[in-house]
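S.K.: Just dropping this structure here.
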Amino acid sequence: MAQQLWRADSQHPQDAGRRMTTPHLSKSLLNNYRQCPRRLWLEMQDRAARKKGLAPVAQAVYSADTTKRFLDGHVIGRIAQACWSEGVDIEKASWITDEDTGQRQRDLNYATHLTYQWMQDQRRPLFEATFQHQNLLVMADVMVPRRHGHRVYWQMIEVKSSTTPKDYHITDLATQAWVAEQSGVDLDSVALLLVNKGFELHTAGDYTGLLGLHDDPDLQAQVRQAQQQMPTTLRGAAQTLALRQEPRKHQPGDQCTSPFECPYIGHCTEKTTGQTTGKTAKQTTPQPVPIRFYNDRGGAKAQTLIDAGHTDLRQVPPATIARLWNGSTDTHGVNQRLAQAVRTGRVVMDRAGAQAALQTLSWPVQHLDFETISFIAPVWPGTQSGQHIPFQYSLHRQAQSGQVLGHAEFLDTTGQDPRRALAEQLVKDIDPRCTVLAWNDSFERAVIRDLAEQFAELRKPLMRIHDQVQDLLPIVRRHYFHPNMAQAEGSTFSIKTVLPCMAAHLQYSQLGTVQNGGEAQLAYLLAAAPPGAEKEPGQTITPAERQQARKDLLAYCGLDTEAMVEIVKSLK
DNA sequence: TATGTCCCGGGATAACTATA
DNA sequence: TATAGTTATCCCGGGACATA
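Counting along the first sequence from 1, when you hit position 62 you're at 1195 in my numbering, and nothing is skipped either side.
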């Protein structure tokens, strides 16, 4: 006998709109809890405040990187749905118009009801099928009916804009399958629909082969295993929600960025460091300098010092520091310089060594920086998913004296494949006699290699440029350390960390909306969007916005190479 | 002679550093 | 998300030395 679709104790969807209480938790909220209870708590406070039209308790801010990832996810979601032409989009059908206010809004109880109805039909795949159990609501990306003899089972498919399966994919599937099964759905399997690495677009708009189904037995077992945690997780989340006070005992840590960036990082770090942040603390308040090293995997070296009772990096004797790295210096002596810089509060610089390194370059040098865009679903024929496609570069020419001899730049925001024009211009702009300097050159070299592979007739000059490229970063790393770099928020040797130490008059924070690579990608998408494109529903991108995005892009990329100019100057 | 301990170097690997 | 490069760490074998 076929198992009934809905359990007796679950509320009958017939009167869903009336009797069902709105669930308190969704899959993503549960994920927030898994990542950090404090995040869940803040998110719920935020929602409650928004509902009442009040100011949020904490300001949630998503970085450009995360925003871009969300965009990618939406695109992949749409492409996935196109794989099932018969599919019914529950989400789309669940928007109703409020008779009083005339506003359109989504009715999740209605979505649950629709899901129930279509599942009884047993023939068509469902998108965003909505299930509720207890106070938890989930939406499954795709549900596919599969007939075994007389019975119909369902395969639950989770679509991810990722090329490899991740742990959190398993927990996602576990949560959704658990809720669906608790509400009586017969699942025969779960699956992930992932992006096939290396997919190349041949015909514009044809994404056949972009996505691949993963439903091996190992996945089934992992999801089953993860489901066992569900009751515990739900109980924990409920306890967190019942708290009246923010659970501050959850202090910032690795969980703030892994597996996802938390939008409340700003809120939590502000609260914990209080008024004495690193920026404002001067000699007046001798706060202990936390023990941290460069490239110290998992903080192992730092931990040995902490275990030995050290609390302030400035108080650790140099010999003790040296002993950490087998009694000598670490590979390039970076951490000896780091410790010395922190101890003395002064810059450590091996000027002679830096000069010797710079001496080996072919002057004048040209500082090169690319901005690239990548699409998980490639838009231009001949490009692959995830490929970094350059749309902009900046090139500063600098004499050995330090003097700037010229600046060239390129920016294509036509929305067409920018590679050809960029490659041709680059070949014209690069002087074959000069060293080309990049910051972390592997990236620029890979981009140039790609271009050389793409355009056979430009291969020779492009590969010549490729061979001209050298890296400025290791020269700095081996000969320079500024005390501020030891406590930098970002990477120790990121150009955005190093620049303000070497040339205080140049600041990324003075730039407009584009202050890092992720923001550059978003600005590009804005500037190069097709005519009539909308930023938000109902908000067409204006020519002024496009112009501003272009301006910000030029300023940002230009500052990256100008930074390199200044860095070379201060090494001399 | 057999066995155990320590250290060192080399190779593989995982994790981290950068970039967008 | 991805890639390329770097580096800490693990593991292993070999050599030196001590001990049974």
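Glycine included, each C-beta is placed from N, C-alpha and C at the ideal position.
Kindly list the residues whose CB is nearer than 6 Å to the CB of D1205, restricted to its own chain and excluding five residues on each side of it in sequence; keep chain order.
M.R.: Excluding positions up to five away in sequence, the list reads S1294, I1509.
S.K.: When the Cα atoms are used, what is the spatial distance from N1329 to W1217?
M.R.: For N1329 and W1217, the distance between alpha carbons rounds to 18 Å.
S.K.: Determine the DSSP secondary structure at H1540, reduced to helix, strand or coil.
M.R.: Three-state DSSP puts H1540 in a strand.
S.K.: Please report the residue range of the alpha helix (DSSP H) in which W1251 lies.
M.R.: 1241-1254
S.K.: Does the segment 1530-1544 come close enough to the segment 1688-1705 that 3 or more CB-CB pairs lie under 8 Å?
M.R.: yes
S.K.: Is the Cβ-Cβ distance between V1475 and P1616 less than 8 Å?
M.R.: yes
S.K.: When you compare the CB positions of D1321 and Q1355, do they come within less than 8 Å of one another, or not?
M.R.: No, the pair does not count as a contact, with Cβ atoms beyond the cut-off.
S.K.: Rounded to whole angstroms, what is the Cα-Cα separation between R1456 and I1398?
M.R.: 35 Å
S.K.: Return helix, strand or coil for L1606, following the three-state DSSP convention.
M.R.: helix
S.K.: Measure the Cβ-Cβ separation of F1264 and A1313 and say whether it is below 8 Å.
M.R.: yes
S.K.: Give the single residue among T1366, R1381, P1170, V1698 whose Cα lies nearest to the Cα of T1308.
M.R.: T1366
S.K.: Would you call the segment 1168-1175 and the segment 1367-1382 in contact, with 3 or more CB pairs under 8 Å?
M.R.: Taking 8 Å as the limit for Cβ pairs, the verdict is that the segment 1367-1382 does touch the segment 1168-1175.
S.K.: With DSSP collapsed to three states, give me the class of L1686.
M.R.: helix
S.K.: What do you reckon, are the CB atoms on E1224 and P1258 nearer than 8 Å?
M.R.: no
S.K.: Taking the straight line between their C-alpha atoms, what separation do you get for D1429 and D1502?
M.R.: 28 Å
S.K.: Quick one: what's got a C-beta closer than 6 Å to L1346's C-beta in the same chain, skipping five residues either side?
M.R.: A1324, L1326
S.K.: Can you tell me which of R1280, I1229, A1244 puts its alpha carbon nearest to the alpha carbon of Q1238?
M.R.: I1229
S.K.: Within its chain, find whatever has a CB closer than 6 Å to the CB of Q1473; leave out the 5 residues flanking it on each side and keep chain order.
M.R.: V1481
S.K.: Taking just the CA atoms, how far does A1182 sit from L1306?
M.R.: 30 Å
S.K.: So, under 8 Å CB-CB, K1702 and G1535 are touching, yes? Tell me the CB distance rounded to an integer number of Å.
M.R.: 4 Å between Cβ atoms; contact.
S.K.: Threshold first: 3 residues or longer. Then list the beta strand (DSSP E) segments lying entirely within the segment 1311-1370, N to C.
M.R.: 1320-1328, 1344-1347
S.K.: How big is the Cα-Cα spacing for Q1488 and L1704?
M.R.: 7 Å
S.K.: Would you mind giving the Cβ-Cβ distance between H1157 and L1374, rounded to the nearest angstrom? I have them listed as a contact below 8 Å.
M.R.: 6 Å
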